[in-house]
Amino acid sequence: MARLPNPNAGPAFYTIASEVATCHFLRDKMGIPIPRIYDWSAEACNPVGGEYILEGKATGQPLRNDWSNLTEAAQLDVVNQVVDMEKKIASISFLKHGCLYYENDLKSRSLDYEALDSRHGLSESATGQNDQLPAFVIGPSVNPKL
Numbered sequence: 001m002a003r004l005p006n007p008n009a010g011p012a013f014y015t016i017a018s019e020v021a022t023c024h025f026l027r028d029k030m031g032i033p034i035p036r037i038y039d040w041s042a043e044a045c046n047p048v049g050g051e052y053i054l055e056g057k058a059t060g061q062p063l064r065n066d067w068s069n070l071t072e073a074a075q076l077d078v079v080n081q082v083v084d085m086e087k088k089i090a091s092i093s094f095l096k097h098g099c100l101y102y103e104n105d106l107k108s109r110s111l112d113y114e115a116l117d118s119r120h121g122l123s124e125s126a127t128g129q130n131d132q133l134p135a136f137v138i139g140p141s142v143n144p145k146l
């Protein structure tokens, strides 16, 4: 699936760069089942001519198609799975307001950021600091209201 930035979401570079890092962090570091990102560019200077994200399609069927046919026990199981994912996400405590990015994306623009580390309640494997994956940092918020 190809996705292009919505100008109402905020500045394209920050929106794309943060969304990619956030998805990567949630999928590969937190174990949240979200589609894999295959390619992306937060810069408009590329053969596509604009910022983009290429990602896999989510597996399965929309829950609304089957919800009424599920037993109460199956519905409860679905709710518990969602609660477990939300608990994983809520367990992260960031020391700074902002969005997730790859360190190299902000370093190349000489922007302020804070590296994720054990102070955020994350193991070294979850921060990206000691593996083959890019390091994750907290950088500027993409919220247009801020």
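With the first letter of the sequence shown counted as 1, position 27 gets the number 27 in my numbering; the numbers rise by one all the way through. Quick reminder that beta carbons are idealized off the backbone N, C-alpha and C, glycines included.
So, is residue i buried or exposed, given that buried needs 16 or more other C-beta atoms within 10 angstroms?
| i | result |
| --- | --- |
| Lys87 | exposed |
| Leu106 | buried |
| Lys96 | exposed |
| Ile89 | exposed |
| Gly56 | exposed |
| Val79 | exposed |
| Tyr38 | exposed |
| Ala135 | buried |
| Ala2 | exposed |
| Lys145 | exposed |
| Gly10 | buried |
| Glu72 | exposed |
Would you kindly work out how many angstroms separate the C-alpha atoms of residue i and residue j, rounded to a whole number?
| i | j | result |
| --- | --- | --- |
| Asn6 | Thr15 | 9 Å |
| Val83 | Asp66 | 19 Å |
| Ser108 | Tyr102 | 10 Å |
| Ala42 | Pro140 | 15 Å |
| Leu100 | Asp77 | 30 Å |
| Ala63 | Ser110 | Per the sequence shown, residue 63 should be read as Leu rather than Ala. Taking the straight line joining both Cα atoms gives about 43 Å. |
| Phe25 | Ile34 | 10 Å |
| Gln129 | Val137 | The predicted model places Gln129 with a pLDDT of 49, which falls under 50 and marks its position as unreliable; any figure quoted below should be read in that light. Their Cα atoms are separated by approximately 10 Å. |
| Ser18 | Leu70 | 36 Å |
| Met85 | Glu114 | 25 Å |
| Asp112 | Gln75 | 45 Å |
| Ala12 | Gln61 | 30 Å |
| Asp28 | Arg36 | 9 Å |
| Ile53 | Cys45 | 14 Å |
| Gln81 | Phe94 | 24 Å |
| Asn8 | Asn104 | 25 Å |
| Ile32 | Ser68 | 25 Å |
Report the partner residues of residue i according to the DSSP bridge assignment.
| i | result |
| --- | --- |
| Gly139 | Cys99 |
| Arg3 | Ile53 |
| Ser18 | Paired residue(s): none; Ser18 is not in a bridge. |
| Met34 | According to the sequence as given, residue 34 is Ile; it is not Met. In DSSP, Ile34 forms no bridge with anything. |
| Asp39 | Leu54 |
Closest to residue i by C-alpha separation, out of the options, would be which residue?
| i | options | result |
| --- | --- | --- |
| Thr22 | Leu116, Met1 and Pro47 | Leu116 |
| Ile92 | Asn8, Met30 and Gln81 | Met30 |
| Gly152 | Leu4, Val142 and Asn143 | Shown here, the chain extends from 1 to 146; a query on residue 152 therefore has no answer. |
Which residue spans inside the region 53 to 117 form an unbroken beta strand (DSSP E) run of at least 3? 99 to 102
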